[in-house]
Amino acid sequence: MNSAAKKVAMQTEKWIEVGSVSDIPKDGARVVKTPLGDIAVFRNMQDEVFALRDKCPHKGGPLSQGIIYGRTVACPLHNWNIALETGIAVAPDEGCAASFPVRVEGGKVFLSLTPSEGCPNH
Amino acid sequence: MKRMKLVMVGNGMAGVRTLEEVLKLAPDLYDITVFGSEPYANYNRILLSPVLAGEQTIKDIMLNDVDWYEKNGITLHLNKKITRIDRKNRTVHAEDGTSAAYDRLILATGSNPFMLPVPGNDLAGVISFRDIHDVDAMVEASAKYKHAVVIGGGLLGLEAANGLKLRGMDVTVVHLPEHLMERQLDDVASKMLQKSLEDKGLNFLMGKQTEQLIGKDGRVAAVRFKDGQEVPADLVVMAVGIRPNTQLAESAGIHCNRGIVVNDTMQTFDPRIYAIGECVSHRGIAYGLVAPLFEMAKVCANHLAEYGIGRYTGSVTSTKLKVTGIELFSAGDYLGGEGTENLLMSDPKGGLYKKLVLKENKLVGAVLYGESGDGNWYFKLMREGTDVSALRNRLLFGETHLGDAGHGGQSRAAAMKDTDQVCDCNGVCKGDITKAIITKGLFTLDDVKAHTKAAASCGSCTGLVEQILAQTLGGDYEAPEAKPMCKCTDYTHDQVRAAIRDQQLISIPEVMSKLEWKRPDGCPSCRPALNYYLISTWPKEAKDDYQSRFINERAHGNIQKDGTYSVIPRLFGGSVTVDQLRAIADVAEKFEVPTMKITGGQRIDLLGLKKETLPAVWGDLADRGLVSGHAYGKALRTVKTCVGSEWCRFGVQDSTQMGIDLEEMTWGSWTPHKYKMAVSGCPRNCAEATIKDFGVVAIDSGWELHVGGNGGVKVRATDLLCRVTTREEVLEYAAAFMQIYREEARYLERTAPWVERVGLAYIKGRVVDDAEGRAEAYKRLLESQEIYRFDPWAERAKGVDKHEFTPLKVIEEQTV
């Protein structure tokens, strides 16, 4: 997506407020329950916030329960490493957990339930 | 920032490994240029023997093809030999006039085969065994000619001879000393080796000095010796040793002494110029095996990347012969000398020979012939300097005979078929691993873990995987001497722990900044380890960092495959009251627990609970006096007991009460790995105390204390620590052993491997012989327990860490 298209998407995106950044521990995650299934919302040491489907592409482990480091989470079941920005598994593993747009405004976290493009595993 | 220029002369395994490491650490620091005198990119020189033997092809052994250089932005000049270094203007010049300027220069010029200075050594058909070109020449000759003579009965010579024999030639090995491989083997093993090679059809001429190579029409035709004897030869392979290639360095005025002299950071006397690999002389030693060279590469890269922490301090090397059907292993000081003693097992007729050299209760050398499966284990004992006095009467029989252990992991790899499963956690077979090692060019355990997942989960097959690596790569594989804790640091577990203690570091960020962690936030493998080291070293000062704990310890339950959790309340000593059973039943009913199970540690497991319900479940249990069983942690798990003298007609002591006392003393404590105890009321040992980390067995006169056992993938029976008489003594010894384990073992190292690593003699010295030290360790455990012996469940039932157990938000259908 080019930046203009992105801007349009941002405007048409339906954003839902899910809580405050401070509700999520640093290097931690919380679950948002949705009709589409659980979404894990992560916060790293640098206070960046990310959202992924709470399901590891390997065997469906809940990523929200993993250890977070940098921009990566390690799945609690078999230690696959998943990139928080894209949901793509770190090589040499292969797979992808759908990622969802999030933005932070005034300390509040807003989530869109339309998965970002690029991951077949919606 | 403007990039610096890094130039490398030489394009072999050690050099390219250095570049790989540099690219990993500092991808944007340098513009890299490589000059190679061979026409090929980087291939695996170790595997030339299998190529010669026809077991592999050149394509199989390529490590980095031309695309790799291009992909990484490296300028590659093949077929260009550098002849001059202009140190003043910092440029290198090639034969054809190409030149390149450098800010940093790596000399990786390798070594040259030594050609005997005898008349005729320049005839056609006289070659060395060094590169692809030599292998091609040998393969070609084997198709046309009959007689091959290999001069030199060392490792390389024998592998060459074996390969030529397999290609159908009549092969004679000529050796100047009286014994083959005299630099790796003692006389007995060497004779046995010669015998089995003769059985394979090789001829040997020992104690023969070559005088001249006789030619006919420009090609070699015979070899003549000093004593006048002559043998026919259409091909002569010289394998009498290698000489570090120092010509270029010397011509540039760089100090050389049987190799380019380097310091511990791989710098030559000109600090802008590094040298690495077989061309190097480090502390007076030139290495020819790949494992030490890779260790050098790591240090060199670290320095080039401007981290400046690693140091290369030399390597102990071991050798394995890559001749199919012959098992041979040698390492360290295999001859022995003053102050050493030998343990020998010799069965020349049966083709079995083992010699272990001990010095001051430590293993310093080993020669194994006929059965080399225990080689890695002996090598590990050597490298780690384990005190072997407690096992010396069984040492010769190998690891599987230790402590009545079940199937040991270390000596099985050779006997396994390709279809046999190695890693039971991830279902990886031996064939998958060998294939990955060869086709992907893997050299280290970490590589194999990343690519195949073998040994990446519980780690119990690590020894087996290392052995497969050793087998596939031959003598050139060695486990690195000291493994860094993880990829975030070059420090080992022991070094990190010492720093935490000595520099009084009390938080993870503090450790990471003081020890210059490469990743600011660490990784899932170092963070839990650091957290453990901190809270066990500084129980009062350090704060437990829950985000650095694995989910089970963070949520105080055991995560199951479907993301639900299990709850196991503590039943001290495995004894239970009617009221406790009723409480558990009530909870199971109220929360509709789908499955209940009696565990191996005499507890009741409630399975299938959703995370959100855990605090409520725990609250109900806490109201009825039940606390967390820590069945989810690297912690004191259970103390299993039999009924003992209170009821049993054989029981001689009250084992149940002893179990309860031990568990009340230790529950809530965190340990490097899970920790289990058991108490049996008589030597019939119904509580199976001899496969526990700490086992107590009642005897008529008191108690026997056992340590270092476990069940699991690799069963290990305990070692007897000592006998004591009173209850108080049992508690003190149990606490002291546990505390020393807590303070000194590496994270995720159970007591069984820890006891094997440090040696039972050491443990006895600390726990049995040193009464004062024991009392202090006991005291330290109790002090730590004042802080950590609490019920995490009751706290959470009252609202601690609420965020852990509740969703951030529930989005209903209509808002979407």
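Residue numbers (this note's numbering), protein chains in the order written: chain A, 1 to 122; chain B, 1001 to 1816. Even for Gly, the Cβ is constructed at its ideal location relative to N, Cα and C. This structure is a prediction, so every number in the text was calculated from the model and none was measured.
Determine the direct distance from the alpha carbon of isoleucine 67/A to that of threonine 1537/B, and round the result to whole angstroms.
23 Å
I'd like to check one pair, glycine 1010/B with leucine 1107/B: are the Cβ atoms closer than 8 Å?
In contact: leucine 1107/B and glycine 1010/B (Cβ atoms closer than 8 Å).
Would you list, in chain order, the members of the stretch 1438-1469 of chain B that have their beta-carbon closer than 8 Å to a beta-carbon of chain A?
Ala1450, His1451, Ala1456, Ser1457
Assess, as a yes-or-no matter, whether the stretch 1458-1472 of chain B is touched by the stretch 1487-1494 of chain B under the definition of 3 or more beta carbon pairs within less than 8 Å.
no
Along the stretch 25-36 of chain A, where does the CB come closer than 7 Å to a CB of chain B? Name the residues.
Pro25, Lys26, Asp27, Gly28, Arg30, Val31, Val32, Lys33, Thr34, Pro35
Tell me the DSSP bridge mates of glutamate 1230/B?
Arg1224/B
Could you confirm whether any beta carbon from chain B is found closer than 8 Å to the beta carbon of aspartate 47/A?
Contact of aspartate 47/A with chain B is not assigned, every C-beta pair being separated by 8 Å or more.
Which first and last residues belong to the alpha helix (DSSP H) in which aspartate 1620/B is found?
Secondary structure note for aspartate 1620/B: its alpha helix (DSSP H) is the uninterrupted segment 1614-1623.
To be precise: take each residue of the stretch 1802-1813 of chain B, compare its Cβ to all Cβ atoms of chain A, and keep it if any distance is under 9 Å. Which residues remain?
His1803, Glu1804, Thr1806, Pro1807, Leu1808, Lys1809, Val1810, Ile1811, Glu1812, Glu1813
Secondary structure at methionine 1596/B, three-state DSSP: helix, strand or coil?
strand
Please return the same chain residues whose Cβ sits closer than 7 Å to the Cβ of aspartate 1270/B, not counting the five positions on each side in sequence.
Listed in chain order, the non-local C-beta contacts of aspartate 1270/B below 7 Å within the same chain comprise Arg1087, Ile1254, local neighbours out to five positions each way being set aside.
So, with DSSP's three-state summary, where would you put histidine 1803/B?
helix
In the structure shown, what three-state DSSP assignment does alanine 1129/B receive?
First, the amino acid is wrong: residue 1129/B is phenylalanine here, not alanine. DSSP places phenylalanine 1129/B in coil when its eight states are reduced to three.
Buried or exposed: where does glycine 1110/B fall if 16 or more other Cβ atoms within 10 Å of its Cβ makes it buried?
buried
Among Lys1208/B, Gly1163/B, Gln1209/B, which has the Cα closest to the Cα of leucine 1197/B?
Gly1163/B
Helix, strand or coil: how does DSSP classify proline 1792/B here?
helix
Does proline 1027/B come within less than 8 Å of chain A when only Cβ atoms are used?
At a cut-off of 8 Å, the C-beta of proline 1027/B has no neighbouring C-beta in chain A.
Using 8 Å as the limit for Cβ to Cβ distance, is aspartate 1693/B near chain A?
no
Give a yes or no on whether 8 Å exceeds the smallest Cβ distance from leucine 52/A to chain B.
no
Reducing DSSP to helix, strand and coil, say where alanine 1148/B ends up.
strand
Counting only C-beta atoms, is proline 1232/B closer than 8 Å to chain A at any point?
Proline 1232/B has a beta carbon lying at 8 Å or more from every beta carbon in chain A.
In chain A, what lies closer than 8 Å to phenylalanine 1550/B by C-beta?
Ile67, Pro76
Within the same chain, show all residues whose beta-carbon is closer than 6 Å to that of leucine 1396/B, passing over the 5 residues directly before and after it, in chain order.
Leu1343, Met1345, Lys1354
Does valine 49/A come out as helix, strand or coil in the three-state DSSP assignment?
strand
Would leucine 1180/B pass as a contact of leucine 1156/B if the rule is Cβ separation under 8 Å?
no
Flag this pair as yes or no: are the beta carbons of leucine 1358/B and glutamate 1338/B separated by less than 8 Å?
no
With respect to the beta strand (DSSP E) encompassing isoleucine 1273/B, which residues constitute its N-terminal and C-terminal limits?
1273-1275
Cβ closer than 7 Å: which chain B residues qualify as neighbours of valine 41/A?
Leu1808
Could you name the residues of the stretch 1511-1524 of chain B whose beta carbon sits closer than 8 Å to any beta carbon of chain A, in the order they occur along the chain?
Arg1519, Pro1520, Asp1521, Gly1522, Cys1523, Pro1524
Helix, strand or coil for lysine 1692/B per DSSP?
coil
Are three or more beta carbon pairs between the stretch 1116-1124 of chain B and the stretch 1137-1144 of chain B nearer than 8 Å?
no
Please list the partners that glycine 95/A has in chain B, where partner means a Cβ-to-Cβ separation under 8 Å.
Near glycine 95/A there are no residues of chain B at all, since even the closest Cβ is about 13 Å away, more than 8 Å.
Which residues in chain B have a C-beta closer than 8 Å to the C-beta of valine 102/A? List them in chain order.
Per Cβ cutoff of 8 Å: no residues; valine 102/A is ~12 Å from chain B at best.
Run through the stretch 1655-1709 of chain B for me and flag every whole alpha helix (DSSP H) of 4 or more residues, listed as ranges in chain order.
1655-1666
What separation, rounded to the nearest whole angstrom, lies between the Cα atoms of serine 1507/B and aspartate 1700/B?
49 Å
When you compare only the Cα positions, how much space is there between isoleucine 1214/B and isoleucine 1151/B?
15 Å
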